[in-house]
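If you use mature numbering (1 follows the signal peptide of the UniProt record, and there is no 0), the sequence shown corresponds to residues -27 to -1, 1 to 428, in order. Backbone N, C-alpha and C fix where the C-beta goes; we use that ideal spot for every residue, glycine too. Note that the structure is a prediction, hence the values are computed from the model and not measured.
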Amino acid sequence: MFALSRRMAISVILPLAAGLAPMAALAQDPAQMPPPPVTVVTLHAQDVALTTTLPGRVTASAEAEVRPQVNGIVTERLFDEGSHVKVGDPLFRIDATTYQAAVAQAEAAVAQARAQAEAARREAERVGALRDRRVASESTTDNAIAARDSAEAAVKVAEAQLQTARIELERTTIRAELDGEIGLAQTSQGVLVTASQPTPLAVIRKLDPVHVDVTQSAAELIRFRREMAAQSAESQSDRKVTLRLADGTEYDQEGRLTAAEPYVNETTGVVTLRLAFANPDRTLLPGMYVQAVVQQATAQNVILAPQEGVSRDRRGQPIALVVNADNAVEQRQLTILQDMGNSWIVSEGLHDGDRIVVEGLQKIGPGMTVTPEERQAAAAEAAQDGAAEGAAPEAGTGADAPASAGEQPAPEAGNAEQPAEESAEQPADQPADQPAAKGAGAETATETGAGQPAN
């Protein structure tokens, strides 16, 4: 019984020892392993324009709502919806029959007033001649002169009424008061419209140029104005404003800041700024959401660090790993001003010529020696890297082959137990107290002995 237990222990322990042998061989001294490769980017100091992104809406630079100034039935629409119109172009026509009659009546009133004025003038002249001959009294003369003046005033009143009638007749043709793009008609032929009605017949908008109204916090506006005051007039004139459209593309025209609302919204604490942009192709439409990128200042001698090379420590401070001249890894704490595309604008922590690690950060740490490779070279071998990644599982299988070979006999140990038990039941020629061999050779001997049939 003791011999059987000993042989079973040997058959189990030896395969485990054989499996651990290759793994121990792989656990080499870290000092003997080659430095891990990392991808780096060489940084260069430069002057960078600091910008701020402000949300805003596009508005027309001018807008006119078309409304009737007289009452009547719309008889005709004289424009194409969505077309460009100029000042004075006819847009709608209202039934003018009533207003034509009013003009004719006013003209008759003018003629009547002029005739009465002429009669009063002649009467005043006759009375004046009689007074000179001392035939007419002073009272008669004064009455004649008053009647003449009253008739002349009546002529002016009639002429003014005629002018009013003609103006109303002219207003039966509604004309454009602004150069711009006219929208959809809000009325149709046969509709009764009234003077100064709340609903416009159409809206004309001037789309070149357009305005973009953005909002900025009061604190940022104060800093912005302080930075502008510190710069020269030439630098202020070079200040650029660009637009980022809703689809993420950049608008091809640059704008300028034209005005700022002299009022801070008490609820939101923001100020409205107005920007002007040329819009020759009518790309910008009123109501469109955009983001204005406003240049605020110029940062001197800063570093553009790739965002993939910057991480955060436990305190949330930005850090980066840099490879020095000895190919040793250094950790730097950074001061970041803002982002710019896929990079961070760093004012402190990085210097001109530093090599920042952008790939392989997980396998290195401060003080380690690495093999740096510029990202340009890595990009040129991107296809090979992709193929290597696809073949990585196969390579891993090959690398694990020794360990697997070492671990493979372990399942066979269970199989070896059965012959051992059978040999315990039957007399065997092999002695039970055979000394255990070392290594895989002992394992092979044990398996061979266990696998042999009992005599």
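Check	Outcome
For Ile318, is the classification buried or exposed, using 16 other Cβ atoms within 10 angstroms of its Cβ as the cut-off for buried?	buried
With DSSP run on the structure shown, which of helix, strand or coil describes Gln306?	strand
Any idea what DSSP makes of Asp122, helix, strand or coil?	helix
Please report how far the alpha carbon of Ala97 lies from the alpha carbon of Glu132, in whole angstroms.	23 Å
Does Ile337 come out as helix, strand or coil in the three-state DSSP assignment?	coil
Going by DSSP, what residue range makes up the alpha helix (DSSP H) through Leu103?	70 to 105
Using CA coordinates, which residue listed in Leu27, Pro10, Ser284 is at the minimum distance from Leu248?	Leu27
Please state the DSSP three-state secondary structure of Val128.	helix
Can you give me the Cβ contacts of Asn274 inside the same chain, cut-off strictly under 6 Å, excluding the 5 residues immediately before and after it?	Ala18
Suppose you measure from the CA of Ile86 to the CA of Ala79; what does that come to, to the nearest Å?	What sits at residue 86 in the sequence shown is Ala, not Ile. Cα to Cα, Ala86 sits roughly 10 Å from Ala79.
Would you report the Cα separation of Val13 and Ile292, rounded to the nearest angstrom?	15 Å
Does Gly260 come out as helix, strand or coil in the three-state DSSP assignment?	coil
Can you give me the Cβ contacts of Ala360 inside the same chain, cut-off strictly under 8 Å, excluding the 5 residues immediately before and after it?	Note that Ala360 scores a pLDDT of 36, beneath 50, so its modelled location is shaky and nothing firm can be said.
Within the same chain, show all residues whose beta-carbon is closer than 6 Å to that of Gln89, passing over the 5 residues directly before and after it, in chain order.	Ala124
DSSP three-state label for Asn274, please.	strand
Exposed or buried, which one is Thr145 when buried takes at least 16 other CB atoms within 10 Å?	buried
Tell me the DSSP secondary structure of Gly282 in three-state form.	helix
With His184 as the anchor, note down where its beta strand (DSSP E) starts and where it stops.	175 to 190
Count Cβ pairs between the segment 309 to 326 and the segment 269 to 285 that sit closer than 8 Å; are there 3 or more?	yes
Is Ile195 buried or exposed, if buried means 16 or more other CB atoms sit within 10 Å of its CB?	exposed
Sort Val11, Ala74, Ala117, Arg40 by Cα distance to Pro63 and report the nearest one.	Arg40
Flag this pair as touching only if the segment 223 to 238 and the segment 250 to 262 have three or more C-beta atom pairs under 8 Å; answer yes or no.	yes
Starting from the Cα of Ala69, find the closest Cα among Val164, Glu141, Leu16 and give me that residue.	Glu141
Which class does Asp327 belong to by DSSP, given the choice of helix, strand or coil?	coil
Skipping 5 residues on each side, what residues in its chain have a beta carbon closer than 8 Å to that of Ile337?	Pro9, Val11, Leu294, Val302, Val330, Val343
Spatial neighbours of Glu332 within its chain, please: CB distance less than 8 Å, with the 5 preceding and 5 following residues excluded, ordered by chain position.	Val11, Thr12, Glu281, Arg348, Ala351
Applying the 10 Å Cβ sphere with the 16-neighbour rule, what's the burial state of Leu165?	exposed
Less than 8 Å between the C-beta atoms of Thr245 and Asp186, yes or no?	yes
On the DSSP letters alone, give me the boundaries of the beta strand (DSSP E) that Asn36 sits inside.	This sequence places Glu at residue 36; Asn is not what is there. Segment 18 to 39, the beta strand (DSSP E) holding Glu36.
Assuming Val263 and Leu218 are in contact, meaning their beta carbons sit under 8 Å apart, how far apart are those beta carbons, in whole angstroms?	6 Å
What separation, rounded to the nearest whole angstrom, lies between the Cα atoms of Gln170 and Thr241?	35 Å
Measuring CB to CB, does Arg148 end up less than 8 Å from Glu36?	no
List the DSSP bridge partners of Gln170.	Answer is none; Gln170 lacks a bridge partner.
Going by alpha carbons, who is nearest to Glu193 out of Leu16, Ala168, Met313, Ala270?	Ala270
Rank Ala74, Ile309, Pro182, Asn297 by C-alpha distance to the C-alpha of Gly289 and give the top, closest one.	Ile309
How would you call Glu234, buried or exposed, if buried means at least 16 neighbouring beta carbons within 10 angstroms?	exposed
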